[in-house]
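Note that the numbering used here has the sequence shown beginning at 7, numbered continuously upward.
A quick write-up on the structure given underneath.
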Amino acid sequence: MKMTTSLLLTALALAWSCRPAPSPGKAEVAEQARREIRQAEAAFAAMAEAQGVPAAFLAFAADSAVLNRNNRIIRGKAAIQSYFGQSPLREVSLKWAPEFVEAAAAGDMGYTYGPYQFSAIDTAGQKIEAEGVFHTVWQKQADGTWKYVYD
7 MKMTTSLLLT
17 ALALAWSCRP
27 APSPGKAEVA
37 EQARREIRQA
47 EAAFAAMAEA
57 QGVPAAFLAF
67 AADSAVLNRN
77 NRIIRGKAAI
87 QSYFGQSPLR
97 EVSLKWAPEF
107 VEAAAAGDMG
117 YTYGPYQFSA
127 IDTAGQKIEA
137 EGVFHTVWQK
147 QADGTWKYVY
157 D
């Protein structure tokens, strides 16, 4: 009887140790997504400062991205490129940082918001300045990167 009990306990312990690792819970998945989105937002802002606003907005746009500018919807990367290509502004500066980041429990969508500061020189040589609150919706892409789908 002792031998049978020992064998049974050993078999149960072995079976227990060979089980697959538990998958992360929804809270852990969402927390990981929030970290990734915060990193993507920081890289987006850094690229805008280093390489210019148009380059950053193209690089971080999903193929189906939508921009809302001056009560006008700009759909898709080609339209976004055209929008920035037509801008007569010079010395454009756009700085922002998220105050809040949220992600879906599935870890595939999220959004950010926070303050932004904008400045540029218009065609008359006048400096334009604006500040406000940005809102960006992010989607995890098939390759694991995060791209904005709405800004």
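Where a beta carbon is used, it is the ideal one built from N, C-alpha and C, also for glycine.
For clarity, every value in this text was computed on a predicted model and none was experimentally measured.
For alanine 111, the CB contacts under 7 Å within the same chain, skipping 5 residues up- and downstream, are Lys32, Val35 and Ala36 in chain order. In chain order, Ser125, Ala126 and Ile127 place their CB closer than 8 Å to the CB of lysine 133, counting only its own chain and leaving out the 5 sequence neighbours on each side. The DSSP assignment places no complete beta strand (DSSP E) segment of no fewer than 3 residues inside the segment 30-69. When secondary structure is reduced to three states using DSSP, alanine 136 falls in the strand class. In terms of Cα proximity to glycine 131, the closest of Pro94, Lys83, Phe50 and Ala46 is Pro94. In the DSSP assignment, proline 121 is bridged to Val139. Shown here, alanine 112 sits in coil according to DSSP, grouped into three states, outside any helix or strand. The residues Leu73, Arg75 and Ile80, in chain order, have a CB closer than 8 Å to that of tyrosine 89 in the same chain once the five nearest residues on each side in sequence are set aside. A check of alpha carbon separations from glutamate 108 across Thr129, Gln92 and Tyr119 identifies Tyr119 as the nearest. Taking alanine 67 as the centre and dropping the five residues before and after it, the same chain places the C-beta of Lys83, Ile86, Lys153 and Tyr154 closer than 7 Å to its C-beta, in chain order. Serine 99 is bridged by DSSP to Ser125.
Residue pairing by DSSP places valine 72 opposite Arg81 and Tyr156 in a beta bridge. Distance from the CA of threonine 129 to the CA of glycine 91, rounded to the nearest whole angstrom, comes to 15 Å.
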